[in-house]
Amino acid sequence: MGYMKEKVAYLRGLAEGMEIGGDPQGKLVNAIIAVMDEMADSVDDLEVAAQEVDECLDELYEEVDSIEEDLYGDEDDDDEDFVEIECPNCGETVYFDQSMLESDEDLICPNCNEPIVPAFSDDEE
């Protein structure tokens, strides 16, 4: 911040050093420098406002992440309801929802479209 103000101050110093002033062209140059000075002030104000908005966004992102974690928990918990089974026909590893395994419907491999009969151990049944 302040870089634009420094440039305008430099231009103002040049105009004063060249003794630009009373003639019509001098008045125009001085008016342009005055407008540039106001624009530099506005740019500085906008930079400050942008920093404040950026800080607020960071805080909001942190809050949303916190709320999301409270609602959904860790991402690692998402795989708990799925069972990994290797298709005996094509050898592809596929995942089925626990409720699909408990239903009476046949499980179909999404890769080869063949029925899969899962092998359960005694403690899984």
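Residue 306 is where the sequence shown starts when you use the working numbering, and the numbers rise one by one after that.
Backbone N, C-alpha and C fix where the C-beta goes; we use that ideal spot for every residue, glycine too.
Cβ-Cβ distance between residue i and residue j below 8 Å
i    : j    : result
I421 : I372 : no
N403 : D375 : The sequence shown places Gln at residue 403, rather than the Asn named in the question. In this structure, D375 does not lie closer than 8 Å to Q403 by Cβ.
A320 : N335 : yes
K310 : D350 : no
Y400 : V388 : yes
Expected contact under 8 Å - CB spacing of residue i and residue j to nearest Å
i    : j    : result
I325 : G318 : Wrong, their Cβ atoms sit about 11 Å apart, outside the cutoff.
E419 : N394 : 4 Å
Buried versus exposed, by CB contacts within 10 Å (16 or more), residue i
i    : result
V369 : exposed
I361 : The question names Ile, but residue 361 in the sequence shown is Cys. Classification for C361: exposed.
V340 : exposed
V353 : exposed
V358 : exposed
Coil, strand or helix - residue i by DSSP
i    : result
V334 : helix
I421 : strand
D409 : coil
K312 : helix
I372 : helix
E389 : strand
D402 : strand
CA nearest to the CA of residue i, picked from the options
i    : options                   : result
E397 : V388, M405 and N416       : N416
S347 : I413, L316, L365 and G307 : G307
C392 : M405, C414, E407 and L406 : C414
Y315 : P329, I338 and E367       : I338
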